[in-house]
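Protein chains in written order, with my numbering: chain A, 14 to 465; chain B, 14 to 465; chain C, 14 to 465; chain D, 14 to 465. Following: one structure in structure tokens, then a few remarks.
There are 4 protein chains.
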Amino acid sequence: MSKHGPRLVVPIDLKKKPWEQTLPLHNRWHPDIPSVAEVTVGELFRVEMVDFSGGGITNSYTAEDIKHADFSIVHYLSGPIRVVDTDGIPAKPGDLLAVEICNLGPLPGDEWGYTATFDRENGGGFLTDHFPCATKAIWYFEGIYTYSPQIPGVRFPGLTHPGIIGTAPSMELLNVWNERERELEKNGLQSLKLCDVLHTRPLANLPTAEGCHLGLVKADTSEWANIASEAARTIPGRENGGNCDIKNLSKGSKIYLPVFVEGANFSTGDMHFSQGDGEVSFCGAIEMSGFLELKCDIIRNGMREYLTPMGPTPLHVNPIFEIGPVEPRFSEWLVFEGISVDESGKQHYLDATVAYKRAVLNAIDYLSRFGYSKEQIYLLLSCCPCEGRISGIVDSPNACATLAIPTAIFDQDIRPKSSKVPVGPRVVKKPDVLKCTYDGNLPVTKNPGGAT
Amino acid sequence: MSKHGPRLVVPIDLKKKPWEQTLPLHNRWHPDIPSVAEVTVGELFRVEMVDFSGGGITNSYTAEDIKHADFSIVHYLSGPIRVVDTDGIPAKPGDLLAVEICNLGPLPGDEWGYTATFDRENGGGFLTDHFPCATKAIWYFEGIYTYSPQIPGVRFPGLTHPGIIGTAPSMELLNVWNERERELEKNGLQSLKLCDVLHTRPLANLPTAEGCHLGLVKADTSEWANIASEAARTIPGRENGGNCDIKNLSKGSKIYLPVFVEGANFSTGDMHFSQGDGEVSFCGAIEMSGFLELKCDIIRNGMREYLTPMGPTPLHVNPIFEIGPVEPRFSEWLVFEGISVDESGKQHYLDATVAYKRAVLNAIDYLSRFGYSKEQIYLLLSCCPCEGRISGIVDSPNACATLAIPTAIFDQDIRPKSSKVPVGPRVVKKPDVLKCTYDGNLPVTKNPGGAT
Amino acid sequence: MSKHGPRLVVPIDLKKKPWEQTLPLHNRWHPDIPSVAEVTVGELFRVEMVDFSGGGITNSYTAEDIKHADFSIVHYLSGPIRVVDTDGIPAKPGDLLAVEICNLGPLPGDEWGYTATFDRENGGGFLTDHFPCATKAIWYFEGIYTYSPQIPGVRFPGLTHPGIIGTAPSMELLNVWNERERELEKNGLQSLKLCDVLHTRPLANLPTAEGCHLGLVKADTSEWANIASEAARTIPGRENGGNCDIKNLSKGSKIYLPVFVEGANFSTGDMHFSQGDGEVSFCGAIEMSGFLELKCDIIRNGMREYLTPMGPTPLHVNPIFEIGPVEPRFSEWLVFEGISVDESGKQHYLDATVAYKRAVLNAIDYLSRFGYSKEQIYLLLSCCPCEGRISGIVDSPNACATLAIPTAIFDQDIRPKSSKVPVGPRVVKKPDVLKCTYDGNLPVTKNPGGAT
Amino acid sequence: MSKHGPRLVVPIDLKKKPWEQTLPLHNRWHPDIPSVAEVTVGELFRVEMVDFSGGGITNSYTAEDIKHADFSIVHYLSGPIRVVDTDGIPAKPGDLLAVEICNLGPLPGDEWGYTATFDRENGGGFLTDHFPCATKAIWYFEGIYTYSPQIPGVRFPGLTHPGIIGTAPSMELLNVWNERERELEKNGLQSLKLCDVLHTRPLANLPTAEGCHLGLVKADTSEWANIASEAARTIPGRENGGNCDIKNLSKGSKIYLPVFVEGANFSTGDMHFSQGDGEVSFCGAIEMSGFLELKCDIIRNGMREYLTPMGPTPLHVNPIFEIGPVEPRFSEWLVFEGISVDESGKQHYLDATVAYKRAVLNAIDYLSRFGYSKEQIYLLLSCCPCEGRISGIVDSPNACATLAIPTAIFDQDIRPKSSKVPVGPRVVKKPDVLKCTYDGNLPVTKNPGGAT
């Protein structure tokens with residue numbers, strides 16, 4: 014019998030560190046990181062990947078590893094992978110690279126993941142002012158389903174996807190990124206009026222040699238130092254795709270990525286068993302190692318033909334996506350709404366971020382009435398297949414954002430009832446919330462949530 | 014044969030003006046607007062409504078009426094409707110009012126609607142800097158489907174819903190609204206850093222007697238003047254529900270509204286045959302007259318039991334929703350992405366509004382390659398059943414927003430192709446774009462969109 | 014304001030009898046029944062209809078009217094409607110008539126329906142050996158939803174559709190029908206081996222002047238007598254469409270009907286608020302009066318181009334259908350299976366009818382454990398949106414048929430549980446089951462079901 | 014790192030024959046086939062399986078292996094697997110065994126399958142009178158998708174499922190099976206009136222020692238001979254589940270199987286990458302090797318509590334199923350109809366088998382207009398995710414069956430068009446149709462389909 018199925022182009026050995034892999038991983042975007050593999054248009058190939066932390070975060074029932082997580086090393090990516098057509102001619106800048114996700118899943122023997130909130134002083138999250146402490150929940154997979162000992166009474170099918178998939182930037186694009194993010198870090202607090210809260214999250218994460226891994230570039234050489242000093246961090250999504258965290262990019266999806274360097278040199282990583290729209294707790298999907306089975310096509314000149322630059326250079330474009338045909342089917346949704354009035358009662362002008370924050374807070378408060386702590390729900394809404402929508406963005410001054418939660422993920426009926434369902438003393442294992450030692454500068458909020 | 018079906022509690026005669034109706038309409042929120050009808054928990058009743066403009070905008074093929082639209086009169090609402098239980102005891106402050114939408118649709122003989130962009134100097138819209146001129150498209154309904162002579166090649170089923178449904182605010186809540194919106198209007202440009210663009214849209218719409226209609230309150234009395242001076246405008250959604258513009262609130266949906274005054278006194282209006290998430294062009298849904306068939310329930314103390322105030326007073330709550338089981342079924346979606354870098358290339362910090370704006374602009378640019386003008390697509394994305402998501406809101410500094418468009422609404426295949434499909438000279442009737450006479454202060458953008 | 018919306022071409026006045034309507038109804042298929050209206054390709058028009066019994070069955074809470082129902086009058090149809098193209102040229106034999114259902118629903122003021130089982134001696138049903146008595150349940154509509162006092166604890170959205178839509182047969186086709194059905198009635202019991210059960214249902218319903226209505230053909234003329242003597246009954250679906258009872262032909266569906274006579278002359282009736290696959294109790298959908306909003310197209314020569322005759326003449330074709338995009342969305346289904354072994358334990362060879370019968374009986378037995386009588390479930394499975402599938406038709410000797418029931422229609426969890434949920438004494442209003450006075454010749458079955 | 018994921022309880026080595034596996038396979042149902050593994054309620058375990066033919070049918074592009082397939086060996090099953098509760102107490106007769114399918118798929122390195130029609134003289138299929146020759150199509154898998162060189166222009170996601178899952182019968186049940194099937198084989202042709210066609214398919218497949226494999230029972234012992242002489246063939250589905258071929262039993266499904274022997278001793282096999290309702294060509298799914306990840310529960314006394322016997326003994330029950338939440342999402346379906354009039358024009362009485370046959374034939378004729386041979390479509394409708402429904406089963410004399418085909422599986426628009434889309438000379442690779450050498454006794458049909 015002849016062998017069929019995908020060719021394995023990036024293998025992962027989970028017993029090894031990210032930099033010890035046969036094809037060493039990288040955690041920065043830079044045009045000079047050499048490709049580790051080459052694939053041809055039309056062939057089915059398999060890419061394996063570590064979890065975003067490269068094993069730094071474990072399945073222990075403690076949040077200590079989250080509290081002290083090393084941010085300089087995120088995210089370990091597999092690749093870059095060079096793409097050529099059937100004549101051996103590589104993808105060229107200006108082309109579009111179409112990547113079809115034919116299959117994906119966890120690595121055999123490693124069927125678990127985690128969802129966490131970073132400590133306020135070490136990364137934080139969307140609601141860090143309410144939930145300042147590091148927390149972590151472990152999720153175990155049973156085929157398509159997952160459950161967590163830390164969040165009992167919940168089980169749902171995953172809409173598994175890679176958090177990160179992107180092409181290598183050109184030097185010109187890299188410079189655009191570094192410039193605009195440097196400007197934000199320098200002037201952001203003032204110009205963005207973020208100074209009115211005690212802002213502890215980094216505004217941007219600029220290039221740093223600390224924790225930098227560059228794949229086949231030998232560490233601590235001058236070439237390495239040069240690249241490390243300017244290579245972009247992988248935290249935000251950008252023109253090359255990258256950390257988009259689009260939760261629906263699952264089996265059967267197609268991603269049209271702009272090509273900025275010869276060969277396209279795309280990388281991928283940060284696999285999520287499941288994620289809610291927004292990934293609100295930051296380390297908020299169910300993070301895991303995993304594999305992708307992919308198929309590529311090159312649309313020659315497609316970037317010029319299909320993408321219109323939106324900014325001062327021709328590089329200001331974004332990828333396009335097609336969603337696959339296989340998603341968990343939910344028929345009942347409970348929807349929470351938020352408007353752009355913040356927790357202090359202040360009115361913001363059509364601010365969808367504030368509105369979404371309030372929608373999430375409303376959902377947390379509501380669901381915590383069913384036997385859960387607010388930290389549990391915060392983690393749950395980060396990783397379950399909930400949908401975050403911008404419902405109204407024009408009705409001055411209130412943006413209206415909504416968060417829709419499929420009711421079927423709970424083992425109890427969570428809808429409002431005429432006579433309140435008695436919840437009773439429910440034995441739940443609360444997530445391990447580390448004691449915090451802040452100096453007391455927490456903003457005073459009515460519903461602190463994370464207060465311990 | 015005995016009669017069955019809903020009891021008509023608010024009839025509309027389309028030949029009459031909003032203020033001439035048997036049960037006169039109102040266009041402000043205030044506790045002292047008397048209820049015009051009473052319904053009992055469990056009974057099925059029918060509420061009819063005019064379009065939001067009360068007939069001010071017509072089905073003529075010109076945008077003149079949009080250009081000169083009178084904003085002081087929006088939105089004409091049917092109600093207030095008082096709700097009592099089967100013992101005749103009214104809903105009380107602190108209760109939740111559950112409103113089920115059993116059915117809805119256009120009024121017989123009035124099966125058409127319109128989607129429009131206001132002129133930059135008269136309301137504008139989400140992309141008013143790119144599309145400064147008034148435009149209008151007329152949509153005709155064929156049962157569940159709609160099509161527009163102004164946007165050929167498109168036909169889709171409606172996900173019909175009321176843009177506005179809300180309870181009467183208490184005086185205390187009204188004061189909260191007026192205070193925070195006044196503060197925004199006063200200090201918003203500075204504090205929100207909106208001054209760096211030529212901002213022409215009103216920050217808020219404060220109470221005004223101009224164009225005010227208060228239902229059964231006799232006009233031009235002192236009572237009327239008092240109420241008019243403090244009654245809230247209906248433009249934004251707020252704690253009482255109101256103009257949420259949640260496009261999925263269609264047949265079979267349930268809305269849990271907080272009750273602030275005795276009887277709940279809910280009103281509804283602004284019917285939309287269909288709307289895209291965000292309703293981006295502002296007058297952006299397919300606006301129409303219509304009817305609702307409703308059924309109410311009172312959850313005693315439900316507001317206290319299910320809603321957690323999020324702000325300085327116990328009134329800072331939001332409604333909860335359940336989505337109905339009958340929605341148009343689409344299986345293929347093309348998804349556009351935006352990140353929080355604006356058109357000038359400037360980096361914003363996790364700003365979902367900027368990210369969504371860019372996602373919409375990307376979609377407009379892309380789809381205009383298929384034989385459409387950008388104005389046509391702007392209108393289309395306002396009103397077709399497209400989904401606007403907050404995909405990532407934590408990956409500093411980029412929020413990632415997505416706009417998913419069902420491909421089946423087009424009569425051509427709009428997906429990227431390896432060899433570009435020749436579009437050819439397509440005869441399309443462009444929407445009537447009025448010539449603008451601005452003084453040249455338009456912000457310089459690379460892709461002005463609205464240039465004609 | 015100009016008027017929009019569909020042109021009413023067949024009005025119904027519910028206070029009048031079917032033969033008193035302005036455009037009198039008919040209840041037979043014959044080429045010589047004159048058309049009552051003409052429509053043009055592309056125009057939206059409205060057809061109203063009585064319920065199949067023309068008001069003979071009422072909303073009284075008794076099955077007396079069912080027990081004595083007059084079968085000679087079914088089904089009252091609206092039409093025939095002649096179709097011409099925009100040049101006024103009628104549809105021609107050999108064309109395909111494409112009919113799009115843009116909208117449909119109950120007639121205002123008549124929002125109720127009924128589901129019934131005929132008495133064994135007067136029509137019977139699929140399970141008449143188990144349920145020999147006449148029963149009836151009344152359903153009330155609340156917009157998209159329906160509920161019945163006779164079957165408490167159940168509420169579901171309708172997938173409303175016309176049970177009958179068909180074109181007029183040519184004389185040649187009518188002769189084919191009459192000949193083959195006459196042959197069945199003559200030799201069927203022997204040749205089909207149906208003699209081994211006490212077969213009480215009519216094998217076929219041959220032409221009869223009794224109860225015959227022929228629209229514009231004046232009754233009791235010689236022309237009328239001639240037509241009545243050969244006009245086909247409307248009970249079975251045939252080559253012209255007719256009583257297909259395809260439950261998914263709801264809003265947005267398209268029906269491609271072969272054209273056998275000039276003008277196509279299509280008729281429609283037998284509106285169902287909802288029906289389960291198979292319509293097992295015979296009078297088994299939720300029968301109602303109603304309206305259709307339709308749009309026609311003529312595909313010239315389409316019958317020849319798209320349909321292949323399957324039989325001794327070129328007329329042995331069947332319509333084609335496209336299902337619309339708006340159906341109630343259910344995510345959980347409980348599935349019952351049947352194999353082609355009958356209740357006596359006898360093995361049948363790949364007989365899907367026997368297998369489906371057993372699947373339905375299994376479902377009835379199972380669901381009756383949740384507080385219902387078997388008669389209630391029999392009626393419910395006839396009319397709720399359950400799906401009947403032929404799962405395996407090749408694994409000799411057992412055909413495998415399945416019946417899938419959406420669990421969300423019940424107000425209790427009907428899935429099997431590890432520890433049986435105590436059902437307890439549930440107060441249910443059993444349907445009115447008339448006492449039967451059979452002579453005792455009922456086949457002996459282990460689970461008679463209908464025994465009272 | 015600790016290991017997670019399912020425990021492998023039945024491994025398969027594809028290089029070995031079915032009877033050489035570590036845990037040898039079996040291909041008969043009998044209470045005395047010893048279990049090969051034991052699992053505990055609640056644990057996740059993995060079962061691997063060969064394709065139904067145990068490798069007898071290969072991925073060569075010829076139908077020779079199909080033409081000469083050995084029917085005595087079907088189907089090779091993995092198991093039996095004994096199930097105990099957490100106290101080690103086995104499932105008992107009268108219990109229900111709940112089996113959840115958490116995951117499934119092809120075996121790594123063996124990502125291909127086949128769909129075939131058996132020769133009329135060697136098994137045949139549903140339409141064997143029309144398609145008498147052996148044919149075969151090979152399908153390759155690309156993750157969730159599959160395509161076939163023999164049926165170009167088609168690609169679809171699989172709804173993968175095990176064709177067979179069942180518990181071991183008790184001796185009493187086995188006797189019931191053998192008796193009723195022996196009776197059919199003896200008297201079936203006469204009693205079922207199948208003699209009017211040249212019937213070549215076996216009516217039943219009675220026990221035979223030929224090709225028999227009994228797992229751990231040592232071959233050619235007297236024990237083996239005894240069991241082989243009475244063990245039931247696996248071809249039909251029966252009371253124990255078995256070859257149900259329910260195409261929706263995919264990821265997340267739950268199967269409630271009656272328990273007839275201690276330990277339940279369930280077996281599974283006959284994995285299908287995809288199947289159409291009915292599996293019409295008999296070897297009609299996409300047959301493959303594969304794996305299941307399962308989780309069991311025991312519902313004590315569940316058989317007595319939930320299943321009602323329907324026949325002369327308490328054993329006449331059928332399993333119950335719940336469908337999983339992850340199915341390919343299709344929004345457009347083209348539906349073909351059949352009525353119970355056969356190809357000779359003869360009227361049958363409410364015969365769903367005849368009606369479904371005609372629906373399938375109608376679909377084949379229609380789709381073959383788009384560049385395909387009828388054999389290609391026959392194979393395609395056997396294996397693509399098409400839905401076969403019993404739409405009407407009461408409208409004497411015509412049963413109405415429908416076959417719904419998702420249009421998205423084709424790379425061309427297959428809907429009827431006003432002006433026929435020119436198909437043009439399409440280069441298709443026809444499936445390998447072996448030349449037949451029948452003696453000319455083929456029934457004369459208008460559309461022979463299989464004529465070469």
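By construction, the Cβ of each residue, glycine as well, lies at the ideal position given by its N, Cα and C atoms.
By the criterion of Cβ-Cβ separation under 7 Å, what are the contact partners of Phe343/C in chain A?
-> For Phe343/C, the chain A residues whose C-beta falls within less than 7 Å of its own C-beta are Ser344, listed in chain order.
Bridge partners of Leu117/D, per DSSP?
-> According to DSSP, residue pairing for Leu117/D in a beta bridge involves Leu305/D.
Contact check, Glu124/A vs Gly18/D under 8 Å by CB: the rounded distance?
-> The Cβ separation is near 4 Å, so the contact holds.
For Gln163/B, name the three-state secondary structure that DSSP assigns.
-> If DSSP states are grouped into helix, strand and coil, Gln163/B belongs with coil.
For Gly92/C, three-class secondary structure by DSSP | Strand at Gly92/C.
Range covered by the alpha helix (DSSP H) that runs through Gly315/B | Looking at the DSSP string, the run of the alpha helix (DSSP H) that includes Gly315/B is Gly315 to Tyr319.
Go ahead and label Ile70/B buried or exposed: buried means 16 or more other beta carbons lie within 10 angstroms of its beta carbon, across all protein chains shown.
-> Classification for Ile70/B: buried.
Members of the segment 187-205 of chain C near chain D, C-beta cut-off 8 Å | Those residues of the segment 187-205 of chain C that come within reach of chain D (Cβ to Cβ, closer than 8 Å) are Val189, Arg193, Glu194, Glu196, Leu197, Gly201, Ser204 and Leu205.
Any heavy atom of the ligand ATP closer than 7 Å to the CB of Trp32/A?
-> Absent from the structure shown: the ligand ATP. Ligands present: none.
Check the C-beta distance from Leu90/B over to Ile25/B and give it rounded, since I have them as a contact under 8 Å.
-> Contact between Leu90/B and Ile25/B fails: their C-beta atoms lie close to 12 Å from each other, not under 8 Å.
Is the shortest distance between the beta-carbon of Ala421/D and the beta-carbons of chain B less than 8 Å?
-> Yes - at least one Cβ of chain B is within 8 Å of the one on Ala421/D.
Within the same chain, show all residues whose beta-carbon is closer than 8 Å to that of Asp83/D, passing over the 5 residues directly before and after it, in chain order.
-> Excluding sequence neighbours, Asp83/D sits near Gly69 and Gly224.
Pro220/B (DSSP reduced to helix, strand or coil) = The answer is coil: DSSP assigns Pro220/B none of H, G, I, E or B.
Within 10 angstroms of its Cβ, does Tyr362/A collect 16 or more other Cβ (buried), or is it exposed?
-> Here Tyr362/A is buried: its Cβ has 16 or more other Cβ atoms, across all protein chains shown, within 10 Å.
Cα-Cα separation between Gly67/D and Phe295/D, rounded to whole angstroms = Looking at the two C-alpha atoms, the distance is approximately 17 Å.
Is the Cβ-Cβ distance between Pro182/D and Asn253/D less than 8 Å?
-> Less than 8 Å separates the beta-carbon of Pro182/D from that of Asn253/D.
Do you know offhand how far Pro103/D's Cα is from Val96/D's?
-> So the alpha carbons of these two residues sit roughly 6 Å apart.
Compare the C-beta of Trp152/B against all C-beta atoms of chain C and say whether one is closer than 8 Å.
-> No - not a single Cβ of chain C is within 8 Å of the one on Trp152/B.
What's the C-alpha gap between His81/B and Phe65/B?
-> Each residue's Cα considered, the two are about 15 Å apart.
Residue from Thr99/A, Val60/A and Phe349/A with nearest C-alpha to Ile427/A | For the set Thr99/A, Val60/A and Phe349/A, the Cα lying nearest the Cα of Ile427/A is the one of Phe349/A.
Mark Ser73/A as exposed unless 16 or more other C-beta atoms lie within 10 angstroms of its C-beta, in which case mark it buried.
-> That one is exposed.
Would you give the residue range spanned by the alpha helix (DSSP H) that Glu356/A belongs to?
-> Element bounds for Glu356/A: n/a, residue is neither H nor E.
With DSSP collapsed to three states, give me the class of Pro31/A.
-> The answer is helix: DSSP assigns Pro31/A an H, G or I state.
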